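Protein sequence lines, in the order shown, are assigned to chains A and B. For the first sequence, counting from 1, position 129 maps to 141 in our numbering; every step adds exactly one. For the second sequence, counting from 1, position 88 maps to 100 in our numbering; every step adds exactly one. Glycine residues also receive a C-beta, built at the ideal position from the N, C-alpha and C atoms. It should be emphasised that the depicted structure is a prediction, and the values quoted were computed from it without experimental measurement. First comes the structure, then the notes that go with it.
Number of protein chains: 2
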Amino acid sequence: MSVQERKQRERADRERLIVATARELAEQQGWDAVTTRRLAERIEYSQPVLYSHFRGKREIIGAVALQGAAELAVSMRAAASAADGPRGRAAALARAYLDFALRNPAVYEAMFQLDGGLAFAQESTPQPLKDAFAALLENLEEVAGAGVHPGLFTEVFWASLHGLATLTKARRLPPEDAERRTDLLVDRLASL
Amino acid sequence: MSVQERKQRERADRERLIVATARELAEQQGWDAVTTRRLAERIEYSQPVLYSHFRGKREIIGAVALQGAAELAVSMRAAASAADGPRGRAAALARAYLDFALRNPAVYEAMFQLDGGLAFAQESTPQPLKDAFAALLENLEEVAGAGVHPGLFTEVFWASLHGLATLTKARRLPPEDAERRTDLLVDRLASL
DNA sequence: CTCGATTGTCTAGCAGTGCTAGGGTCAGGG
DNA sequence: CCCTGACCCTAGCACTGCTAGACAATCGAG
Chain A
13 MSVQERKQRE
23 RADRERLIVA
33 TARELAEQQG
43 WDAVTTRRLA
53 ERIEYSQPVL
63 YSHFRGKREI
73 IGAVALQGAA
83 ELAVSMRAAA
93 SAADGPRGRA
103 AALARAYLDF
113 ALRNPAVYEA
123 MFQLDGGLAF
133 AQESTPQPLK
143 DAFAALLENL
153 EEVAGAGVHP
163 GLFTEVFWAS
173 LHGLATLTKA
183 RRLPPEDAER
193 RTDLLVDRLA
203 SL
Chain B
13 MSVQERKQRE
23 RADRERLIVA
33 TARELAEQQG
43 WDAVTTRRLA
53 ERIEYSQPVL
63 YSHFRGKREI
73 IGAVALQGAA
83 ELAVSMRAAA
93 SAADGPRGRA
103 AALARAYLDF
113 ALRNPAVYEA
123 MFQLDGGLAF
133 AQESTPQPLK
143 DAFAALLENL
153 EEVAGAGVHP
163 GLFTEVFWAS
173 LHGLATLTKA
183 RRLPPEDAER
193 RTDLLVDRLA
203 SL
């Protein structure tokens, strides 16, 4: 019995190691550098071991994305609860979101740009993703405005942040004005 | 002399054929399906011919992106000039932008998500890209608001649209509410 | 008209990718 | 102590972007 338990524990450890290593490698050298061979070498196992934990590379990306979503939710909630007033919370939320995207570009990519085989905006959507959206929703309801569906407002708010994050990351927007853009956006969207 | 001219013309024709075929294939089956082999087969030449026109796959993506930027600028200007009032022009612009992204997902991807080796927001930025941005700027100056730098406002407006476009395309947002989100966004951003 | 040079294109191949079939090793239970 | 089954690795498949080198067609000079 305890032998089986130990094996299960070791398997779970190894799975965490795979995800952590993939994330690390992606942040260091980009997702292109995360090949099954390199990943296998870093965890000091052969390639097929990866496939005994995940169906394929997509699922590994998905696992990193879920981890990131959980962290993003935590830091957004922390930022919001440290801010004063509806407007202040919205601004703090935006800053926390963009800060996360800036500090964890590869994880952000896994969450919202790459195909990690995850379902979004459905019942089957994994809990961490729902929760990250909920963290936005909770703090934006009060600035959505009268007669505006909070969910819809949150989607627009999120999409706008996402646009700023990705265009900045992809060097489509000059990085130096990032803060001014964020302020302007929050200023207009959170109109109350 | 005229022989050389004919050859140059044929080369230019073939280059256009490559770009058009790459675009078509990408729209039909996604950029993953655009391999140098498949592309070569479709234009009925061997692979190395591609490399006599472009440095590599990146440059082909870049060429598709430039074509798309030119078209996007045209349709945004057309939409804006058919609309009435500053607010109406902003709304028409947003709809034209999102409509383009929806109708040409692969081209949109080439422009703003994939690496086509193009420079953005610099002097060395190719003209079509500058021009597409200019088409936005021209029609948004009047709704930027007092004391708000028009360029900065345009960047924010563009980023928000980009967020809506990409999250919808990637099935991160429910497609059915797309129009309501657009209306809400324009409503808040173009506040005058 | 012939012959060398140049231009253009193709075949074949390299190093790398994600993924998998099959064999071998080692530990657990009878 | 041996057999069985779980586990992992080697080797390989079909594909990717890209390129070296051979070959053929065309051009200009004599």
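Using a Cβ-Cβ distance cut-off of 7 Å, determine whether residue i contacts chain B.
i      : result
A:F132 : yes
A:S87  : no
A:G175 : yes
A:A171 : yes
A:V168 : yes
A:R101 : no
A:L84  : no
A:L114 : no
Is any beta-carbon of chain A found at less than 7 Å from that of residue i?
i      : result
B:M13  : In this predicted model, B:M13 has a pLDDT of only 47, less than 50, meaning its place in the structure is not dependable; the value taken from the coordinates is given anyway. Not one chain A Cβ lies under 7 Å of B:M13.
B:R209 : Because chain B is modelled from 13 through 204, residue 209 of chain B falls outside the range shown and cannot be assessed.
B:S64  : no
B:V119 : no
B:D195 : no
B:G128 : no
B:L185 : yes
B:L105 : no
B:L152 : no
B:R70  : no
As a quick exercise: from the options, pick the residue whose alpha carbon is nearest that of residue i.
i      : options                          : result
A:Q139 : A:Q16, A:A106 and A:A82          : A:A82
B:G68  : B:V46, B:G80 and B:L84           : B:V46
A:A75  : A:D96, A:L126 and A:A102         : A:L126
A:L130 : B:L164, B:N116 and B:A182        : B:A182
A:D25  : A:T48, A:I55 and A:E36           : A:I55
B:L110 : B:L51, B:A190 and B:L37          : B:A190
B:L185 : A:P186, A:H174, A:L78 and A:A147 : A:H174
B:A158 : B:A202, B:D143 and B:A147        : B:A202
A:F112 : A:I73, A:D96, A:T180 and A:S58   : A:T180
A:A146 : A:G163, A:L29, A:S172 and A:A38  : A:G163
A:V86  : A:I72, A:L141, A:E135 and A:G42  : A:L141
A:Q40  : A:R115, A:A106, A:E27 and A:F132 : A:R115
A:Q134 : B:E53, B:P187 and B:G42          : B:P187
A:I30  : A:P60, A:K19, A:I72 and A:Q16    : A:I72
By Cβ distance, which residues of its chain are closer than 7 Å to residue i, with the 5 residues on each side in sequence left out?
i     : result
A:S93 : none
B:T48 : Q59, L62 and K69
In the DSSP assignment, find the unbroken alpha helix (DSSP H) run with residue i in it and report its ends.
i      : result
A:F112 : G97 to R115
B:R50  : T48 to R54
A:R193 : A190 to L201
B:P60  : Q59 to H65
A:W170 : P162 to K181
B:Q79  : K69 to S93
B:E150 : Q139 to L152
Spatial neighbours of residue i within its chain, please: CB distance less than 8 Å, with the 5 preceding and 5 following residues excluded, ordered by chain position.
i     : result
B:R70 : D127, G128 and G129
B:R50 : L37
Please go through the same chain and pick out, in chain order, the residues whose beta-carbon is closer than 6 Å to the beta-carbon of residue i, but skip the five residues on each side of it.
i      : result
B:A95  : R101 and A104
B:A108 : S87, M88 and A91
A:A144 : A81, L84 and A85
Requested in this report: Specify whether the stretch 111–121 of chain B and the stretch 57–65 of chain B touch according to this definition: at least 3 beta carbon pairs, one from each stretch, less than 8 Å apart.
Outcome: no
Query raised in the report: Quick one: any contact between the stretch 154–172 of chain B and the stretch 189–199 of chain A, if contact means 3 or more CB pairs under 8 Å?
Result: yes
Query raised in the report: Should the stretch 95–112 of chain A be called in touch with the stretch 151–165 of chain B, which here means at least 3 C-beta pairs below 8 Å?
Result: no
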